[in-house]
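Same order as they appear, the protein sequences are chains A and B.
All letters in the first sequence, in the order written, are residues 1 to 334 by the numbering used here.
All letters in the second sequence, in the order written, are residues 335 to 927 by the numbering used here.
By construction, the Cβ of each residue, glycine as well, lies at the ideal position given by its N, Cα and C atoms.
This report refers to the structure that appears directly beneath it.
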Amino acid sequence: MLALFYIFIGVAIGVSFWQVTRILNFRGSIATDKDNKKQGKNALLFLVFLYIMMVYCLIAMNVIMLPESASIEGEHDDNLFNITFWLIGVVQFIMQFLIFYFTFKYRGNKENKAKFYADSHKLEFIWTVTPAIVLVLLIGYGLWQWNNIMDLSDDDAIVIEVYSQQFRWDARYAGEDNTLGLGNVNYIKGINTMGVDMTDRNSQDDKQVTELYLPKGRKIHFKFRSQDVLHSAYMPHFRAQMNCVPGMVTEFGFTPKYTTEEMRQQPEVIEKTIGINKIRKAKGEDPYVFDYLLLCNKICGASHYNMQMKITVVEPDEYEKWIAEQPTLASVIK
Amino acid sequence: MSEHHHKETFVTKYIFSQDHKMISKQFLITGMIMGIIGVFMSMLFRLQLAWPEKSFSIIEAFLGPHQTDGVMNPDMYLALVTIHGTIMVFFVLTAGLSGTFSNLLIPLQIGARDMASGFLNMVSYWLFFLSSIIMVISLFVEAGPASAGWTIYPPLSALPQAIPGSGAGMTLWLVSMAIFIASSLIGSLNYIVTIFNLRTKGMKMTRLPLTMWAFFITAIIGVISFPVLLSAALLLIFDRSFGTSFYLSDIFISGEVLHYQGGSPVLFEHLFWFLGHPEVYIILLPALGITSEVISTNSRKPIFGYRAMIGSIMAIAFLSTIVWGHHMFISGMNPFLGSVFTFTTLLIAIPSAVKAFNYVTTLWKGNLQLNPAMLFSIGLVSTFVTGGLTGLVLGDSALDINVHDTYFVVAHFHLVMGVSALFGMFAGIYHWFPKMYGKLMNKTLGYWHFWITIICAYGVFWPMHFIGLAGLPRRYYTNTNFPMFDDLADINVVITLFAIAGGLAQIIFIANFFISIYRGEKSSQNPWKSNTLEWTTPVEHIHGNWPGKIPEVHRWAYDYSKKVDSNDDESDYLHGDDFVLQTTPLLDGEEPS
Numbered sequence: 001m002l003a004l005f006y007i008f009i010g011v012a013i014g015v016s017f018w019q020v021t022r023i024l025n026f027r028g029s030i031a032t033d034k035d036n037k038k039q040g041k042n043a044l045l046f047l048v049f050l051y052i053m054m055v056y057c058l059i060a061m062n063v064i065m066l067p068e069s070a071s072i073e074g075e076h077d078d079n080l081f082n083i084t085f086w087l088i089g090v091v092q093f094i095m096q097f098l099i100f101y102f103t104f105k106y107r108g109n110k111e112n113k114a115k116f117y118a119d120s121h122k123l124e125f126i127w128t129v130t131p132a133i134v135l136v137l138l139i140g141y142g143l144w145q146w147n148n149i150m151d152l153s154d155d156d157a158i159v160i161e162v163y164s165q166q167f168r169w170d171a172r173y174a175g176e177d178n179t180l181g182l183g184n185v186n187y188i189k190g191i192n193t194m195g196v197d198m199t200d201r202n203s204q205d206d207k208q209v210t211e212l213y214l215p216k217g218r219k220i221h222f223k224f225r226s227q228d229v230l231h232s233a234y235m236p237h238f239r240a241q242m243n244c245v246p247g248m249v250t251e252f253g254f255t256p257k258y259t260t261e262e263m264r265q266q267p268e269v270i271e272k273t274i275g276i277n278k279i280r281k282a283k284g285e286d287p288y289v290f291d292y293l294l295l296c297n298k299i300c301g302a303s304h305y306n307m308q309m310k311i312t313v314v315e316p317d318e319y320e321k322w323i324a325e326q327p328t329l330a331s332v333i334k
Numbered sequence: 335m336s337e338h339h340h341k342e343t344f345v346t347k348y349i350f351s352q353d354h355k356m357i358s359k360q361f362l363i364t365g366m367i368m369g370i371i372g373v374f375m376s377m378l379f380r381l382q383l384a385w386p387e388k389s390f391s392i393i394e395a396f397l398g399p400h401q402t403d404g405v406m407n408p409d410m411y412l413a414l415v416t417i418h419g420t421i422m423v424f425f426v427l428t429a430g431l432s433g434t435f436s437n438l439l440i441p442l443q444i445g446a447r448d449m450a451s452g453f454l455n456m457v458s459y460w461l462f463f464l465s466s467i468i469m470v471i472s473l474f475v476e477a478g479p480a481s482a483g484w485t486i487y488p489p490l491s492a493l494p495q496a497i498p499g500s501g502a503g504m505t506l507w508l509v510s511m512a513i514f515i516a517s518s519l520i521g522s523l524n525y526i527v528t529i530f531n532l533r534t535k536g537m538k539m540t541r542l543p544l545t546m547w548a549f550f551i552t553a554i555i556g557v558i559s560f561p562v563l564l565s566a567a568l569l570l571i572f573d574r575s576f577g578t579s580f581y582l583s584d585i586f587i588s589g590e591v592l593h594y595q596g597g598s599p600v601l602f603e604h605l606f607w608f609l610g611h612p613e614v615y616i617i618l619l620p621a622l623g624i625t626s627e628v629i630s631t632n633s634r635k636p637i638f639g640y641r642a643m644i645g646s647i648m649a650i651a652f653l654s655t656i657v658w659g660h661h662m663f664i665s666g667m668n669p670f671l672g673s674v675f676t677f678t679t680l681l682i683a684i685p686s687a688v689k690a691f692n693y694v695t696t697l698w699k700g701n702l703q704l705n706p707a708m709l710f711s712i713g714l715v716s717t718f719v720t721g722g723l724t725g726l727v728l729g730d731s732a733l734d735i736n737v738h739d740t741y742f743v744v745a746h747f748h749l750v751m752g753v754s755a756l757f758g759m760f761a762g763i764y765h766w767f768p769k770m771y772g773k774l775m776n777k778t779l780g781y782w783h784f785w786i787t788i789i790c791a792y793g794v795f796w797p798m799h800f801i802g803l804a805g806l807p808r809r810y811y812t813n814t815n816f817p818m819f820d821d822l823a824d825i826n827v828v829i830t831l832f833a834i835a836g837g838l839a840q841i842i843f844i845a846n847f848f849i850s851i852y853r854g855e856k857s858s859q860n861p862w863k864s865n866t867l868e869w870t871t872p873v874e875h876i877h878g879n880w881p882g883k884i885p886e887v888h889r890w891a892y893d894y895s896k897k898v899d900s901n902d903d904e905s906d907y908l909h910g911d912d913f914v915l916q917t918t919p920l921l922d923g924e925e926p927s
């Protein structure tokens, strides 16, 4: 019934609009010099609006951005991003200026004649080659960095499996031998929620946990699995993301650069935290403390919006202490 | 054909019409109705994003069992974004845009009496209509419509246990899309054949208006890529209904291991994006083609770099079929493939830049007639540049890692293909309304429509880039579970306010459209003083388009403001006026441009 009510309101608005437009002049529907003048000015006003909005957002929203990369590999991502962003920013400001300023400057007038200008090979050459050169540089840097990130050949890396299901994350550390035991959904039973093959020798010392602890300065080699649908392990602070695909193991790696504690002391993080806590206080919620997070970033069902895991980066000795305290699978799953 | 056409009944004239002009109106009206549904959905889920726990009676009214006390359920949120995407991408901006303007303009601008096959053209529309009906029906199934995202990645889209929308809703979605693809293919083949074979005397390929080039190349991309989506959909239907394992393997859900073995969702992603990326250009190229025509006509200047424009359309079309992997950098495919796709993707920036620069140069030193169509075309260039530039971030695999599937992507593609293509569609409607209905649309309402829409478009999508850079994933029902995103709440409210204002502003357009059909100013034969052939036909539609012989073409479509002395901008017009119809023969000693 309520829907009918809304539809009725919609129809009523439409009819009244129809009535209002009856008094509009439907003669002279082609732009005159007067219209050109007015719309030209509007274009200029819009340019001012656009510039103010763009600059305002660039400045005011600086504080909500992610802080500097918390992984060593991510440094070049930030660098490349800054270069790209400055570049497209400059081009954006120039192009928008040209588009709307020309609209104003060359607004039509009966007295004026347009220039007949159909071609210029020189100009076209310039704006084919210039973007091409710039792109070669961007592509070069980008591909170099991509190879960097995707290089997982470091044998010293700590191997950790990140395991996803609707709607939770688990993790499995490879243990003393730094080799994960085999896993398959057919082994899921009781407390063996990750489907680890307990007949595999490598499985015995594996350790299953619900939160990630990472040592600062050691390369981490993640292996991702999913037991049901696609998920994506998104760790924005580390500039890291990889899909979790049922039926296959995907990989990603990075080296944490700052411990959680160190990150909390970063000026950018402090500023963002103050902003957030002002809002939370107004709503009467507990204050927020910075933590690294792993979020699901591939639509995976109703509770997709609440699928997260805390990541804590600590000093290496503290990590050793923590990992030693975790029980092995062999001792848990009999 | 025109001399001996038989008497038409109401049914053959208005419903099962084989006349391309009537079919184009059918596409337009159907597309507009689907557009209203799609935009309305976006306003509903924007309410949810801005005020997550607040109760709205409008949500209570329209979402029925899928809401609790005026707050939508998470499943329904996902369903809304899914259907919004599907409807806007396929039903509005593919069928509504290409279907309308390819049908209207191809025969008129190349000088043909109708499409190569009027019957297939009619079939194409009615298949589209059928698929629209099925898509709308899917909104009413008990468990809710498809809700796995418009990309319908399996296993989520394959398993009703994973999300309720993957039951009957997804079945209807797949059936609807399969029919839609058939419609699109029949239409595209018709467009290609018509442009190849039915051009009038003198209409060489190099004299075609850029609209024709754009529609022609668009149809070719469609024919190449849509069948791949059909195969992807068919395999998914097999997996869902007949127990095959093309996309599924090793799945444990609802407490049991499923029998699927050996398939891979990554295969689906490849097949889907083999259409999905060219689809962006299937949407965008017609809009750019319309813009080329409208900007040139209203600037009273030839389009700058006609051949470069054709070259860049072809380059974009070719590249568009080899870049699909940039949607999959972090899908788990081989990183080396990622490198290749980064390379090909960033190359697209070159022809795109050429197009943008050429538009701006066309404006330069023009005599701009700022009609609503012209403003929408200028707006398109603006949003195309804004949205296109951020493509340099997303196309670069190393940078994509961190913004993939965040609101940065949402902002990017809405500007570069959503808003831009809509602007192209509006430009086309304002410009060719006289050709469709013999009337002109009201310009005052047109101006209001344009300025409110572009301000709202930027108000929605410019700030959205930043919440993406803050790391907020898309398709989150709410971000209240993450304190780190608490400071984005205000921005979400602002975005929603702009979105609602922008959505409501479209009422101005719809009112203008329908009122003008009945009460608009009668159009003259060539209201915009344009060069192209469609303006040589009579204002009243006749079957076969031209009453007598089809006119012969003697020049290209862009001889605007051609002067006696080509080096003196102030000298007299060579043909006495600032436009020269394509049917005007060359004067003695006149250089063809």
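Counting the other Cβ atoms within 10 Å of the Cβ of residue 500 of chain B gives 16 or more, which makes it buried.
Minimum Cα-Cα distance from residue 738 of chain B among the listed residues A:304, A:310, A:254, A:243 corresponds to A:243. Within the stretch 108 to 137 of chain A, the residues whose Cβ lies closer than 8 Å to some Cβ of chain B are 108, 109, 112, 113, 114, 115, 116, 117, 118, 119, 120, 123, 124, 127, 128, 131, 132, 135, listed in chain order. Rounded to the nearest angstrom, the Cβ distance from residue 686 of chain B to residue 761 of chain B is 19 Å, too far for a contact under 8 Å. Proximity of residue 219 of chain A to chain B, defined by a Cβ-Cβ separation below 8 Å, is not satisfied.
Taking 9 Å as the cut-off between beta carbons, the residues of the stretch 152 to 179 of chain A near chain B are 165, 166, in sequence order. With distances taken between CA atoms, residue 302 of chain A lies nearest to B:495 out of B:542, B:683, B:495, B:741. Taking all protein chains in view, the Cβ of residue 231 of chain A is crowded by 16 or more other Cβ atoms within 10 Å, so the residue is classified as buried. Neighbourhood of residue 591 of chain B in chain A, by CB distance below 8 Å: 185, 186, 188, in chain order. Residue 539 of chain B counts as exposed, since fewer than 16 other C-beta atoms from the protein chains shown sit within 10 angstroms of its C-beta. Shortest Cα-Cα distance from residue 518 of chain B to any of B:533, B:562, B:503 involves B:562. Around the beta-carbon of residue 151 of chain A, fewer than 16 other beta-carbon atoms lie within 10 Å, marking it exposed. Setting aside the 5 residues that flank it on each side, residue 100 of chain A is surrounded in the same chain by 43, 44, 46, 47, each with a C-beta closer than 7 Å to its C-beta; the list follows chain order. Of all alpha-carbon atoms in B:692, B:376, B:572, B:397, the one lying nearest the alpha-carbon of residue 829 of chain B is that of B:376. In this structure residue 82 of chain A is exposed. Its beta-carbon is surrounded by fewer than 16 other beta-carbon atoms within 10 angstroms. By the criterion of a C-beta distance shorter than 6 Å, residue 176 of chain A is surrounded in its chain by 205, once the five residues flanking it on both sides are discounted. Taking CB atoms only, residue 388 of chain B has no neighbour in chain A less than 8 Å away. Taking 7 Å as the upper bound on Cβ-Cβ separation, chain A lies near residues 732, 733, 735, 736, 738, 739 of the stretch 732 to 748 of chain B. About 20 Å separates the Cβ atoms of residue 508 of chain B and residue 585 of chain B, ruling out a contact at the 8 Å cut-off. According to the DSSP assignment, residue 226 of chain A belongs to the beta strand (DSSP E) that extends over 220 to 226. Interface annotation for the stretch 704 to 730 of chain B against chain A: 704, 705, 709, 712, 715, 716, 719, 720, 723, 724, 726, 727, 730, criterion Cβ-Cβ distance under 7 Å. Contact annotation: in the stretch 388 to 413 of chain B, residues whose CB is within less than 9 Å of a CB in chain A are 391, 392, 394, 395, 396, 398, 407, 408, 409, 411, 412. Relative to residue 370 of chain B, the option among B:577, B:889, B:735, B:840 whose CA is nearest is B:840.
Of the residues A:239, A:160, A:184, A:331, the one whose Cα lies closest to the Cα of residue 596 of chain B is A:184. The alpha-carbon of residue 875 of chain B is positioned some 39 Å away from that of residue 722 of chain B. From the beta-carbon of residue 459 of chain B, no residue of chain A is found nearer than 9 Å; the closest lies around 26 Å away. Across the structure, residue 27 of chain A and residue 19 of chain A are spaced so that their CA atoms are roughly 17 Å apart. In the structure shown, the three-state DSSP call for residue 862 of chain B is coil. Per DSSP, the beta-bridge partners of residue 586 of chain B are B:591. Considering only A:319, A:200, A:107, A:249, the residue with the shortest C-alpha distance to residue 35 of chain A is A:107. Here the C-alpha atom of residue 29 of chain A lies approximately 6 Å from the C-alpha atom of residue 774 of chain B. Rounded to whole angstroms, the Cβ separation of residue 759 of chain B and residue 430 of chain B is 7 Å, and the two are in contact under 8 Å. For residue 146 of chain A, the enclosing alpha helix (DSSP H) has its first and last residue at 121 to 150. Contact of residue 5 of chain A with chain B by beta-carbon distance below 8 Å involves 395. Looking at the DSSP output, residue 170 of chain A shares a beta bridge with A:163.
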